[in-house]
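Right, one structure below, let's go through it.
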Ligand code: FES
Ligand code: FES
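Residue numbers (my numbering), protein chains in the order written: chain G, 49 to 853; chain Y, 134 to 296.
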């Protein structure tokens, strides 16, 4: 009865389930300007908060005088650390086990740090009052270089006992945060000593920023009559925010409701807890009316979570034939003034230990030193799963450098070192169990799609033409094969502030056969309302169009750890499927009762349960839903709902092959991306349209990072890139056209085989763009140059190589 | 600061507002007239999230004072289509997945609305250049361009049919 009769196909199509390029249900609202973002929220009597921020990167705060500000008409309050101290809210815990000043407590440690919080009747008055707060500073020596920081006598964090361990073990210097080591150092060094060939290089992945189009903000509303606090805000993890708010404020968790309304992009920027959130809460408690805080773009770029800033020193060894024998990496991680990374507790350098990449490397070692400097705190996963971007960039650069060392084709070097299909599940030298993969098939498909051999031929001809003086443009072929590790994570390894990284879904089927599902995640543009309904549609046979998805309100949604690290599909998506299966199991009993047969004598078929061998005897899910509410079925409770909390047994390992073909103008440093081919394998594909959109967006963020986007500081710790004038975001004009492709290798441990995709294009895109730039100059002796490859840096590279005559 | 009486026509309706000389048009629209469609992404003219149509031109409402807009005729995303009669562009953005988080979308559609009047038969290059004042962090623009091109051809087909 499971043959694909036209009727069955039609029923299946009606569901708009998994695999269907279903149009998004979110869009009608957004295209008509009816989204509801945090700055759109306006509550009666609401006040506006604004920060006085430090102009200095390191200074003692001698005094703060708020009199002139308080005297301004319309100013209601000015909060300083002194006001927060009695509530123990002048400092707050970070997600990385450190603590961070909410408002300057005696000193400031980075430019733009929050010093005082002004609360006024409107945003204009608040801004005026910020100017009127007089702060007296005494400048202190500034450290912006993490290497110098570890040698300096200047102690940045005077609040920490220099001899005491940090959250991640011993500290070797007052400005040191942790040393995290994985793998076998001795064995790796022994292999390197004996190796035929060793390539050594320092790969710097510069500091950048997720910069979602909507900045961060919150609206806090303390209802003193009922003792309830409602907090709206740009939160990628609303439940975690509720728990933190409760622990910090002492308000019982049931009296706090956290709501993430529509979020205008997150990319990791909205995972952490910022002083603005805390101050809006305190201000609402103090004033008794709602208080809104929304940062401007400059504040967003200067003070909220940055990403990357990893100095990765690597050695990779191989046989003469190119078989990799070992990998060694030491990373110096600049965390800024407070360790405010958003990593699972046991992983202070996130999943950087995925740095053996897609290759079968028998032995490896990774050590990461975290260091304090006078820069903004953060270290978040900017469209990445906890430092996977850094790891992928590192290994994909090391492979290129090794190819140069071996005088080998970099595509071939990758091919001979890939983990083979039959080696999965594969245990990496640094302790991960890769769930599934078929790298060779993906690689061959990619190389063929771009006519790799043809490109190399053209490139060789171009080099000759360049040498003959016939062109000033070189050509680069940027290769990348990446493996991600996403979907954190098994609760036994992964937690954030002690909260296990499971996720959740609750489904309620209404009597008339439509449904609502609520999840512990929150969309920031990923289209959850569309795709999660597709999972449910396929699992339980109710059309996706009849399913509402709700997220982000902690009063209604089951507890979850939120959306980042590509974890929504791997974790909440699995919870959704499992909740659906619970419903299906109950539906089966109801169907059997209605059909007067034994439970085992009915089987599920697209949108119904039918009697085995008699498909004309069936009950649709609609019939079953109605019966669940109107029939007294012996031994079965009324109603049809289920909740699932899913603790994944492993992470998922999406992978992909990206190839970028670029022309580089040696004289101007400008580049022209002629072609970008992206093959992704994210396991089972839920909505190909949404996947493709995620890939386009992630590649464009990768383009930005690789080619120009940077958070840069001068020696005084001044942030030089705090506006969109200086901080590069590609426009439609600079962005190339992308060609997307895929293979499908389902995850064996995930209920629907899905792996997650949102971050792959950023993880794989950055090395693809960067490798293209490097590759253009390979024939002229370039081994390594630093991102971002803006016009000036490329020109400088050409100049250093003597290409300007 | 003294407030000024300003007359504006917004989405076909005449409004009288009181605004300080320094009040930005985006704030008047969002906070006084409750038109929350145009967004604020930068306040420095870079992102285009605040784009409105003013006397037949695309204008970044974060970079204009309300007093400067006195007597003008403004269309925001709320005035471009209605729930029962969405504009072709609004339909096309949905059809071709031209948006993700939606934060840039009102400004993007408002800009495209004007672009297609300035140039009803744009090439892909024209579209890319024409919307370069509007940033999007989510989509990589490819599907936005596709949406605008599709809307252009649909509008042209409708125009031909009408002739
Ligand atoms: S808010 Fe007006 S251009 Fe960004
Ligand atoms: S859809 Fe998010 S910024 Fe454009």
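By construction, the Cβ of each residue, glycine as well, lies at the ideal position given by its N, Cα and C atoms.
Just so we're clear, the structure is a prediction, and the values are computed from it rather than from any experiment.
Check, Outcome
"Roughly how many whole angstroms lie between the Cα atoms of residue 526/G and residue 440/G?", "14 angstroms"
"Could you please tell me which residues of the segment 175–201 of chain Y, in chain order, have their CB closer than 7 angstroms to any CB of chain G?", "175, 176, 177, 179, 180 and 182"
"Is any non-hydrogen atom of ligand 1 found closer than 8 angstroms to the C-beta of residue 511/G, if you look at the structure I gave you?", "no"
"Residue 173/Y versus chain G: which residues are under 7 angstroms apart at the beta carbon?", "87"
"Entirely within the segment 202–277 of chain G and at least 3 residues each: give me those beta strand (DSSP E) ranges in chain order.", "224–231, 245–256 and 265–271"
"What's the C-alpha gap between residue 49/G and residue 634/G?", "The predicted position of residue 49/G is uncertain, since its pLDDT is 44 and thus under 50; a value taken from the coordinates is nonetheless stated next. Using only the alpha carbons, I get a separation of about 22 angstroms."
"Among the candidates 257/G, 648/G, 499/G and 800/G, whose CA atom is the shortest distance from the CA of residue 757/G?", "257/G"
"Please report the residue range of the alpha helix (DSSP H) in which residue 670/G lies.", "669–678"
"What three-state label does DSSP hand residue 434/G in the structure shown?", "coil"
"How many angstroms separate the CA atom of residue 147/G from the CA atom of residue 130/G?", "17 angstroms"
"If we ignore side chains and look at the alpha-carbon of each, how far apart do residue 808/G and residue 398/G end up?", "16 angstroms"
"What's the call for residue 498/G, buried or exposed, on a 16-neighbour Cβ count within 10 Å?", "buried"
"Helix, strand or coil for residue 49/G, going by three-state DSSP, please let me know.", "Unreliable positioning characterises residue 49/G in this predicted model, as indicated by a pLDDT of 44, which lies under 50. A coordinate reading is not provided."
"Pop quiz: residue 777/G and residue 760/G are said to be a contact at Cβ under 8 angstroms. What is the actual Cβ separation, rounded to whole angstroms?", "That belief does not hold up - the Cβ atoms of residue 777/G and residue 760/G are roughly 15 angstroms apart, past 8 angstroms."
"Going by Cα to Cα distance, which pick from 722/G, 805/G, 245/G and 574/G is closest to residue 230/Y?", "574/G"
"To the nearest angstrom, how far is it from the Cα of residue 686/G to the Cα of residue 277/G?", "35 angstroms"
"Does the distance from the CB of residue 638/G to the CB of residue 684/G come in under 9 angstroms?", "yes"
"Run the proximity test for residue 245/Y: is its beta-carbon closer than 8 angstroms to any non-hydrogen atom belonging to ligand 1?", "no"
"Of all the options 208/G, 82/G and 464/G, which has the alpha carbon lying nearest to the alpha carbon of residue 367/G?", "464/G"
"Taking Cβ positions, are residue 435/G and residue 400/G nearer each other than 9 angstroms?", "yes"
"Could you list the residues in the segment 343–371 of chain G with a C-beta less than 7 angstroms from some C-beta on chain Y, going in chain order?", "344 and 345"
"Could you spell out the range, first to last residue, of the alpha helix (DSSP H) harbouring residue 327/G?", "323–335"
"Taking 9 angstroms as the CB-CB cut-off, is residue 250/Y touching chain G?", "no"
"Does the beta carbon of residue 35/G come closer than 9 angstroms to any beta carbon on chain Y?", "Outside the displayed span of chain G (49 to 853) sits residue 35/G, for which this structure offers no information."
"Quick check on residue 360/G: buried or exposed, where buried means 16 or more other Cβ atoms within 10 Å of its Cβ?", "buried"
"Would you decide whether residue 747/G is buried or exposed? Buried here means 16 or more other CB atoms lie within 10 Å of its CB.", "buried"
"Which runs of the alpha helix (DSSP H) spanning at least 4 residues fall entirely within the segment 526–603 of chain G, listed in chain order?", "576–588"
"Mind checking residue 156/Y: buried by the 16 CB within 10 Å criterion, or exposed?", "buried"
"Using only alpha-carbon positions, find the residue among 177/G, 818/G, 336/G and 56/G that is nearest to residue 274/G.", "336/G"
"Does the structure place the segment 802–821 of chain G close enough to the segment 443–458 of chain G that three or more beta carbon pairs sit under 8 angstroms?", "yes"
"Assuming residue 702/G contacts residue 534/G (C-beta within less than 8 angstroms), just tell me the rounded distance between them.", "6 angstroms"
"When Cβ atoms are compared, which residues of the segment 255–281 of chain Y fall closer than 9 angstroms to chain G?", "257, 258, 260, 261, 262, 263, 264, 265, 266, 267, 268, 269, 270, 271, 272, 273, 274, 275, 276, 277 and 278"
"Relative to the alpha-carbon of residue 432/G, which residue among 529/G, 389/G and 315/G has its alpha-carbon at the smallest distance?", "315/G"
"Please report the Cβ distance between residue 835/G and residue 726/G, rounded to the nearest whole angstrom; I am assuming they are in contact, meaning their Cβ atoms lie under 8 angstroms.", "Not a contact, Cβ separation roughly 19 angstroms."
"Taking buried to mean at least 16 other C-beta atoms within 10 Å of its own C-beta, is residue 626/G buried or exposed?", "buried"
"Chain G partners of residue 242/Y, CB-CB under 8 angstroms?", "79"
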